[in-house]
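Worksheet for the structure shown next.
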Amino acid sequence: MSLNIRKYHEVAVALASVGIYTGSYSIIDRIANALGPESVIRAIYENGRILESALRASKSSKDEWIRISENSVIVKRKDEEKAYVIRGSLPTELVLREFLEESSKNITIGRAVASYAMHLIASAVSHRAESESEKEGEE
Numbered sequence: 001m002s003l004n005i006r007k008y009h010e011v012a013v014a015l016a017s018v019g020i021y022t023g024s025y026s027i028i029d030r031i032a033n034a035l036g037p038e039s040v041i042r043a044i045y046e047n048g049r050i051l052e053s054a055l056r057a058s059k060s061s062k063d064e065w066i067r068i069s070e071n072s073v074i075v076k077r078k079d080e081e082k083a084y085v086i087r088g089s090l091p092t093e094l095v096l097r098e099f100l101e102e103s104s105k106n107i108t109i110g111r112a113v114a115s116y117a118m119h120l121i122a123s124a125v126s127h128r129a130e131s132e133s134e135k136e137g138e139e
């Protein structure tokens with residue numbers, strides 16, 4: 001069986017954005033360890049609520065937010081000077097609906113997207129650390 005999770009890259013971006021924003025990977029973990037579709041559906045619902053709140057905060061808060069740029073999602077955490085950049089965009093309603101439908105039929109799709117989301121987080125953290133050490137090297 002072949003999984004095409006590339007079409008759910010945007011879902012992984014949304015999960016990774018909230019994971020970085022909250023500093024907690026519990027939503028991703030719940031999807032990665034889901035035994036049935038209900039766990040995935042509830043986790044995506046919770047992710048959407050947090051994401052919506054963080055996007056709204058970008059208009060009023062300077063401390064903590066999620067913003068959309070042309071080719072990435074930018075996540076700013078409270079008490080951290082530099083933001084995290086996750087390459088990609090947030091899912092459209094159609095992509096999210098397809099993900100929910102397909103992962104309800106095959107839970108492995110949800111687990112694979114959760115694994116992909118964790119890699120996106122690791123990549124964003126790594127790139128941020130690299131840019132900080134380059135900056136320190138210039139000083």
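When the sequence shown is numbered by my numbering, its final residue is 139 and no position is left out of the sequence of numbers.
All C-beta atoms in this analysis are idealised placements derived from N, C-alpha and C, irrespective of residue type, glycine included.
Only a predicted model underlies this, so the values are computations on that prediction, with no experimental measurement involved.
- Going by DSSP, Tyr84 is part of the beta strand (DSSP E) stretching over 84-87.
- Annotation for Leu55: Ile66 place their beta carbon closer than 6 Å to its own, counting only its chain and skipping 5 residues before and after.
- Cβ-Cβ separation between Ser24 and Val75: approximately 13 Å, too far for a contact (criterion under 8 Å).
- Under the DSSP definition of a beta bridge, Lys76 partners with Trp65.
- Put simply, of Ile41, Ala117, Asp63 the residue whose alpha carbon is nearest the alpha carbon of Arg97 is Ile41.
- In its chain, beyond the 5 residues on either side, Val85, Ile86, Arg87, Gly88 have a beta carbon closer than 7 Å to the beta carbon of Ser72.
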